[in-house]
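Using our numbering, the first residue of the sequence shown is number 20, and each one after it goes up by one.
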Amino acid sequence: MTPPVGGPRVLIVGGGGTLGSALCRDLAGRGHRVVATTRTGGSGSARLDLSPDADSWPVPEGIDVAYLLAAVTSTDECRRHPQASRLVNVTATVRLASRLARAGLRVVFPSTNMVYDGSVPRPGPDLAPCPRTEYGRQKSEAEAAILALGPAACVVRFSKVLTPMAPLVTTWRRALLDGQTITPFSDLPLAPVSLARAVHVLAALADRPSNGILHVSATDDVSWADVARRLAAGWGVDPVLVQPTRAAAGGHRPEHLPRHATLDATATEAALGIPPADPREAIDALLTGPVAR
Ligand SMILES: NC(=O)c1ccc[n+]([C@@H]2O[C@H](COP(=O)([O-])OP(=O)(O)OC[C@H]3O[C@@H](n4cnc5c(N)ncnc54)[C@H](OP(=O)(O)O)[C@@H]3O)[C@@H](O)[C@H]2O)c1
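Printed below as a string of structure tokens:
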């Protein structure tokens, strides 16, 4: 593909995070001009801490599209510190989004399947949010305010994005290769997408403006125990080391136990030509991606 030299100039807020750093690499590698922000301002990024700076941060000149990827993403942290996390995930994010939209930028905001309660499989983008967690409530509130900015706004709801370097994956791998058992949840569903697929969707939006809500999800639910079993098989370890447990029965019961995590992503296929994938694609990408020991 010819690099889109002179294509949209892109701002990535939260360029040091999982999605942010992968999106920076992808867009820069394809010739886009990218300005990334991190909280430290290291490695050539611009410094931006959303909590104090959302109202005063000088928006760089000449940007066409902004991805607002910075957030407090730990559901546990949002539950334990609702006010501090809300300040970042709702108040500051919406304020910056408003300033960017007023300055004429398109705004892309990633959200989550957790804006739903998971009671039905594959809800469509038009189903009204019904979050059951603090993180889901915050993302739902931010979505609504950003969508109210008008046609410049695009919300992309992701179900779980799996990455090889995620602490859970590296911890499981180390334990299994050392012959230790792991105890993944059998009653907590996910509809995983690979990091490559998530970045593909976000990157496509740089060149193909879209507004409203898009869904990015695997076609079907799996459990964390299903993920662990497939990884164990791929790593060639004894399947008996995977000992599923029920989150509902344990001492660390999640804030909410949904029955489903899938989203209906057919509109995303229509808008961007990127169809939803089987959940095994995302799990198998963990076997071939970079590993930490
Ligand atoms: N990954 C998924 O499965 C998934 C699914 C659905 C939606 N999303 C959404 O996608 C976005 C990116 O997710 P991710 O997985 O890439 O998250 P991540 O790896 O946790 O990265 C989040 C980034 O936000 C930054 N950040 C946190 N507080 C900040 C603040 N006050 N000011 C500026 N930056 C701040 C962090 O900076 P530091 O490095 O300095 O901490 C980090 O770089 C988030 O909005 C998340 O809600 C992700």
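Virtual Cβ for every residue (Gly too), placed ideally from N, Cα, C. Remember, it's a predicted structure, so these values are computed and weren't measured experimentally.
Own chain residues within Cβ distance below 7 Å of Gly292, not counting five before or after
none
Simplified DSSP state of Ile232, which is helix, strand or coil
strand
When every heavy atom of ligand 1 is checked, does at least one fall within less than 7 Å of the C-beta of Gly33?
Distances from the CB of Gly33 to the heavy atoms of ligand 1 include at least one below 7 Å.
By DSSP, does Thr238 sit in helix, in strand, or in coil?
Thr238: coil per DSSP, three-state reduction.
So, helix, strand or coil for Thr152, using DSSP?
coil
Per-residue DSSP class, three states only, for Thr285
helix
Buried or exposed by the 16-neighbour rule on C-beta atoms within 10 Å, applied to Thr57
buried
Just how far apart, CA to CA, sit Trp243 and Glu160?
28 Å
Please specify which runs of the beta strand (DSSP E), each continuous and at least 3 residues long, are wholly inside the region 67-149, giving them in chain order.
84-87 and 125-131
Could you check what DSSP says for Pro23 in three-state terms: helix, strand or coil?
Per-residue confidence for Pro23 stands at a pLDDT of 48, beneath the threshold of 50, marking its modelled position as unreliable; the derived number appears in the next sentence. DSSP places Pro23 in coil when its eight states are reduced to three.
When every heavy atom of ligand 1 is checked, does at least one fall within less than 7 Å of the C-beta of Pro183?
no
How big is the Cα-Cα spacing for Thr131 and His275?
Distance between the alpha carbons of Thr131 and His275 is about 14 Å.
Give a yes or no on whether the C-beta atoms belonging to Pro140 and Ala286 are separated by under 8 Å.
no
Looking only at its own chain, which residues have a Cβ that is under 6 Å from the Cβ of Ala120, when we skip the five neighbours before and after it?
Answer for Ala120: Val126, Leu168 and Ala171, listed in chain order.
Proximal residues to Ala267 (C-beta, below 7 Å), its chain only, five neighbours per side dropped:
So the list reads Asp206 and Leu276, once near-sequence residues are dropped.
For Thr182 versus Thr37, is the C-beta spacing smaller than 8 Å?
yes
Leu181 - partner residues in DSSP beta bridges
Ser213
Name the one or two DSSP bridge partners that Leu30 has.
Val54 and Ala85
Sorted by chain position, which residues of the same chain lie with C-beta nearer than 8 Å to Ser104's C-beta, five sequence neighbours on each side aside?
Val91, Glu96, Cys97, Glu153, Tyr154 and Gln157
Do the CB positions of Pro228 and Lys179 come within less than 8 Å of each other?
No, these two residues do not count as a Cβ contact at 8 Å.
Which residues mark the beginning and the end of the alpha helix (DSSP H) in which Glu274 is found?
Glu274 -> no alpha helix (DSSP H), and no H or E assigned at all.
Quick one: Cα of Glu300 to Cα of Gln102, how far?
37 Å
Determine which residues share a DSSP beta bridge with Ile201 and list them.
Val261
How would you label Gly253, buried or exposed, when you count the other beta carbons within 10 angstroms and need 16 or more for buried?
exposed
Please say whether Val218 and Cys45 have beta carbons closer to each other than 8 Å?
The residue you asked about is not Cys; residue 45 is Asp in the sequence shown. Yes.
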